[in-house]
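Worksheet for the structure shown next.
Below you can see the structure in the form of structure tokens.
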């Protein structure tokens, strides 16, 4: 187990749990309040939630008494012997964005801004917490002031550190981070960790804006994390954390809802969008081929714009490109032999968000078809600006042009840059311009891609976490090899195929 000064070592994990379950003596104050403080500390460790939430947690007879309007973010449920926690979806600054994608249901599955998650803790931890819950008669699990509780818990942690002369470096912060460490170790993404623990790690809040999941998936991650933690202990904690013969835990987490990002891009919707793009392209192609001479120019412009829209959309859904102007500025950014693309979006002069991705072979063929289309369009000599622009694109030069490789034409056949605004002129839906990123993050994780690889693919990292720096341990090519089969699967499911435009 790799660890830093902020993470408990295996020895410290084993010693802590042995001490917390065996301790019976201490100062007079700790002896009088030990059962309550132990329950609080166990909830802190096994939930990973912030101290303020745990200190003010509730205690209810069963799940039906703990509802959405309850002021408690966490509650112990005595009948079910489960820890209930509220799970919060991301908040958006814009009211328009909040309303934009609030589709009521997806396959009869409602979206919840605040969901309920029920966590099954290891048996001995459940025993100690339940013992304290049976001793109290209030809805509040711990009645003391938060500051007093904090002081008492820190004193308890100090005494635990001194037991057995183990000289371990226990602290409240390190104990609270244990669950986050365990969740990451069992494959949970930073967004999953944020939902379960309500504690953000680096770019977790950014990732959550692009990610959806269900309570059952989060509960499974938590169960595996508990097993991971108990693997470092001895016989004091049962490793059988999840007892399959008791279905209370399973039933509680089968409340059919979606939590996380409010934006919805389910695979079925994408299939319809791809089909619509292809149908409109075919319709515009037919109109161009059958247009009279006086309508030929207008039909050609419409045909080109639909062909560009299809190609741009294809690129967005296989690359995760952010909604920026000119998503492909130069053909030099793509190696047509290896399908590797250098991607730089939402970047600054340090190019800290730049990354290398591998495009599926279908899109490389689509781009070849687009280049062929541009060559044929240039030969029609519609106007000097268009001819010079295409010539610059084909020469892989940035001179004499104001647009990228992919561009639209206005009614006078002059090039217009691809941007979220110009794309909306050709679409008839209210989907956010970066909806493809919401789709990719969720679907790639469903396919089992490592969350860190997905963050690399999406360009989700903070300063100092850049995956291409000197001390990075995984090469971009290694990541590409893992991502490529998953992207290929999504391409096939969505129905993307190579479409041709003009030919010479």
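Numbering (the working numbering), first residue to last: 1107 to 1610. Cβ coordinates follow ideal geometry from the N, Cα and C atoms, glycine included. Bear in mind that the values here come from a model prediction, so they are computed numbers and not experimental data.
With 16 other Cβ atoms within 10 Å as the buried cut-off, status of residue i
i: residue 1117; result: exposed
i: residue 1264; result: exposed
i: residue 1279; result: exposed
i: residue 1180; result: buried
i: residue 1438; result: exposed
i: residue 1557; result: buried
i: residue 1524; result: buried
i: residue 1251; result: exposed
i: residue 1169; result: buried
i: residue 1591; result: exposed
i: residue 1343; result: Caution applies to residue 1343, whose pLDDT of 46 falls short of 50 and renders its modelled position unreliable; the value that the coordinates give is listed next. Burial call: buried.
i: residue 1237; result: exposed
i: residue 1427; result: buried
i: residue 1526; result: exposed
i: residue 1419; result: buried
i: residue 1274; result: buried
i: residue 1276; result: buried
i: residue 1310; result: buried
First through last residue of the beta strand (DSSP E) which encompasses residue i
i: residue 1166; result: 1164-1166
i: residue 1447; result: 1446-1449
i: residue 1464; result: 1461-1464
i: residue 1474; result: Careful: residue 1474 lies outside any beta strand (DSSP E), inside the alpha helix (DSSP H) at 1467-1485.
i: residue 1222; result: 1220-1225
i: residue 1490; result: Run containing residue 1490: none in the beta strand (DSSP E); it sits in the alpha helix (DSSP H), 1490-1500.
i: residue 1367; result: No beta strand (DSSP E) holds residue 1367; DSSP gives it neither H nor E.
Pair within 8 Å by beta-carbon distance, residue i and residue j
i: residue 1383; j: residue 1415; result: yes
i: residue 1614; j: residue 1465; result: The shown model of the chain, from 1107 to 1610, leaves out residue 1614, and the question about it has no answer.
i: residue 1324; j: residue 1220; result: no
i: residue 1288; j: residue 1331; result: yes
i: residue 1284; j: residue 1114; result: yes
i: residue 1300; j: residue 1314; result: yes
i: residue 1475; j: residue 1607; result: yes
i: residue 1410; j: residue 1483; result: yes
i: residue 1164; j: residue 1172; result: yes
i: residue 1259; j: residue 1148; result: no
Residue i, enclosing alpha helix (DSSP H) - first and last residue
i: residue 1158; result: 1157-1161
i: residue 1326; result: 1321-1336
i: residue 1284; result: 1278-1291
i: residue 1296; result: 1296-1303
i: residue 1235; result: 1229-1241
i: residue 1409; result: 1402-1425
i: residue 1104; result: Outside the shown range of the chain (1107 to 1610) lies residue 1104, about which nothing can therefore be said.
i: residue 1120; result: 1116-1128
Proximity to residue i [Cα-Cα], best of the options
i: residue 1604; options: 1472, 1520 and 1302; result: 1472
i: residue 1177; options: 1141, 1162, 1390 and 1189; result: 1162
i: residue 1408; options: 1545, 1368, 1295 and 1391; result: 1391
i: residue 1463; options: 1249, 1442, 1479 and 1149; result: 1442
i: residue 1444; options: 1549, 1470 and 1373; result: 1470
i: residue 1503; options: 1247, 1546, 1436 and 1255; result: 1436
i: residue 1339; options: 1248, 1228, 1254 and 1317; result: 1228
i: residue 1600; options: 1477, 1381, 1451 and 1292; result: 1381
i: residue 1621; options: 1257, 1481 and 1412; result: As shown, the chain starts at 1107 and ends at 1610. That puts residue 1621 outside it, with no answer to give.
Output the residue ranges of the beta strand (DSSP E) runs that lie fully inside the stretch 1508-1583 and measure 3 residues or longer, sorted by chain position. 1513-1515 and 1521-1523
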